[in-house]
Structure formats: structure tokens, C-alpha cells
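Here is the structure we will look at.
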Amino acid sequence: MGTGQLEVVADAGPLIHLAEIKQITLLEIFDAIHIPDAVWQETVGQKRISVYEASTLFVTRAIIDLALQQLR
Numbered sequence: 000m001g002t003g004q005l006e007v008v009a010d011a012g013p014l015i016h017l018a019e020i021k022q023i024t025l026l027e028i029f030d031a032i033h034i035p036d037a038v039w040q041e042t043v044g045q046k047r048i049s050v051y052e053a054s055t056l057f058v059t060r061a062i063i064d065l066a067l068q069q070l071r
């Protein structure tokens, strides 16, 4: 059985194209985004997605998670 959380394993193609159209924040609908090291290297490591774009998404997610934990 699942945990009830909406999780996704990211692939490079969708990450790159969402970044190209400035919509990478659409991924915020997921409770957890798993990015394999190879995908991270292909996107951020090869500068196809800026570190700023990637970090904005994950910092936003971390802030939301922290706020939810404090409410519990």
C-alpha cells in the first residue's frame, strides 16, 4: 500500500522542457520528487537547468514541509 503521498521519479526531458517554458514550479503539486543522480547530472550538471531553478523548487518544497510539520 502507498503512503498517500503523491510522489514522482523525475526524468531529464520533462525537467528540461518545464524549465525552458519557465514552468518547473508545476512540480510543486507532488509531495516528493525523486531525482536520480544521473538525471541531476544531465540537467543541472550540464547546465540545461540552472541551479537557481532547481534550488527554488526544492527550497520551496522544504519550506512547505517544515511549515506542515510545525502545524502537526
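For the sequence shown, position 32 matches number 31 in numbering that gives the first Met the number 0, and the numbering has no gaps at all. From the three backbone atoms N, C-alpha and C, an ideal C-beta is built for every residue, glycine too. This structure is a prediction, so every number in the text was calculated from the model and none was measured.
*Flag this pair as yes or no: are the beta carbons of L5 and T42 separated by less than 8 angstroms?*
Sequence index remark: in the sequence shown, residue 5 carries index 6 (1-based). Sequence index remark: in the sequence shown, residue 42 carries index 43 (1-based). No.
*Can you check DSSP and say which residues form a bridge with A31?*
For the purposes of this step, residue 31 is taken as residue 32 along the sequence shown, with counting starting at 1. E6, per the DSSP bridge assignment.
_Classify A11: buried if its beta carbon has 16 or more other beta carbons within 10 angstroms, exposed otherwise._
Position 12 of the sequence shown, counting from 1, holds the residue named residue 11. Buried, since its Cβ has 16 or more Cβ neighbours within 10 Å.
_Length of the line joining the Cα atoms of E52 and Q40_ = One-based indexing of the sequence shown puts residue 52 at position 53. One-based indexing of the sequence shown puts residue 40 at position 41. Taking the straight line joining both Cα atoms gives about 14 angstroms.
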